[in-house]
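K.L.:
For reference, the structure I am asking about is given below.
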Amino acid sequence: MGKPVDKSVERPFYFTKAPQTLVESGATVAYPPETANYHFEMELVVAIGKPAFRVSQEDAHQVIYGYAAGLDMTRRDLQLVARDKGRPWDLGKDVEQSSVCSEIVPMPGVIIDQGEIALAVNGQTKQQSDVNKLIWNVREIIADLSLFYHPQPGDLIYTGTPEGVGAVVAGDRIEGHVAGVAGIALNVGPAE
Numbered sequence: 001m002g003k004p005v006d007k008s009v010e011r012p013f014y015f016t017k018a019p020q021t022l023v024e025s026g027a028t029v030a031y032p033p034e035t036a037n038y039h040f041e042m043e044l045v046v047a048i049g050k051p052a053f054r055v056s057q058e059d060a061h062q063v064i065y066g067y068a069a070g071l072d073m074t075r076r077d078l079q080l081v082a083r084d085k086g087r088p089w090d091l092g093k094d095v096e097q098s099s100v101c102s103e104i105v106p107m108p109g110v111i112i113d114q115g116e117i118a119l120a121v122n123g124q125t126k127q128q129s130d131v132n133k134l135i136w137n138v139r140e141i142i143a144d145l146s147l148f149y150h151p152q153p154g155d156l157i158y159t160g161t162p163e164g165v166g167a168v169v170a171g172d173r174i175e176g177h178v179a180g181v182a183g184i185a186l187n188v189g190p191a192e
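Take a look at the structure:
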């Protein structure tokens, strides 16, 4: 989130989202309540295919079922308040219908470590980068996360977003893709 990361002393940071945050690509979702700063974050999504616990980086590919393109939609104003106060990010991140996911492309045993990741809002490019620029690569994320949790088949891991995140408003259309995986779309509807 805009802060430099020293990988020699830091580890990946995780948060969870409830199942009701998941929505299929192409949906129209309401602009969420209690925010004036709803942001998009385009991400590569890893679908876990086998139980995983204490998986090494070298063996990380063995637990992958496939990949998808994902949007991690965030109430940025609430997230930043929580971050600055040292509080959990739930109100900013665990938002109903905020985890948009394309169809999962089966790629058992494959590690995606390069390829374009891009997003446009109303046809204007906002994010464009390469998966090889992730702070933590797929192997590192799976290995580290599996030290704390037992990822299970069906779990989805959103891997992080490139620079260029920004706010959307009701009426916006978001489209993005991850090379070799899938495209994704979301329509932002009026507030409830």
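Quick note: the sequence shown, position 132, residue 132 per UniProt numbering, numbers continuous.
Ideal Cβ placement from N, Cα and C applies to all residues, glycine included.
Note that the coordinates shown come from a computational prediction; the quantities given were computed from them, not determined experimentally.
Do you know whose CA, among Ser8, Asp84, Gly180, lies nearest Glu103's CA?
P.N.:
Comparing Cα-Cα distances from Glu103 to each of Ser8, Asp84, Gly180, the minimum goes to Gly180.
K.L.:
Nearest by alpha-carbon distance to Tyr149: which of Arg54, Gly49, Thr35 is it?
P.N.:
Tyr149 has its Cα closest to that of Arg54, out of Arg54, Gly49, Thr35.
K.L.:
What does a CB cutoff of less than 8 Å around Thr161 pick up in its chain, not counting 5 residues either side in sequence?
P.N.:
So the list reads Glu41, Met42, Glu43, Asp72, Gln127, once near-sequence residues are dropped.
K.L.:
Can you find the residues in the same chain that come closer than 8 Å, C-beta to C-beta, to Gly109, ignoring five residues on each side of it along the sequence?
P.N.:
Counting only Cβ-Cβ distances below 8 Å, and skipping sequence neighbours, we find His61, Gln62, Ile64.
K.L.:
Is the beta carbon of Ala191 closer than 8 Å to that of Tyr31?
P.N.:
Yes, the Cβ-Cβ distance between Tyr31 and Ala191 is below 8 Å.
K.L.:
Taking contact to mean at least 3 C-beta pairs separated by less than 8 Å, is the region 86 to 100 in contact with the region 122 to 137?
P.N.:
The region 86 to 100 vs the region 122 to 137: no contact.
K.L.:
Could you tell me which residues DSSP pairs with Ser99 in its beta bridges?
P.N.:
Leu22, Asp72.
K.L.:
Taking the DSSP output, what are the residues bridged to His177?
P.N.:
Answer by DSSP bridge pairing, in chain order: Ala118, Gly183.
K.L.:
Against chain D, with Cβ distances strictly below 8 Å, would Val105 count as a contact?
P.N.:
Among the protein chains of the structure shown there is no chain D, as only one such chain exists.
K.L.:
Do you know how far the Cα of Lys93 is from the Cα of Arg75?
P.N.:
Going by the C-alpha atoms only, they are around 7 Å apart.
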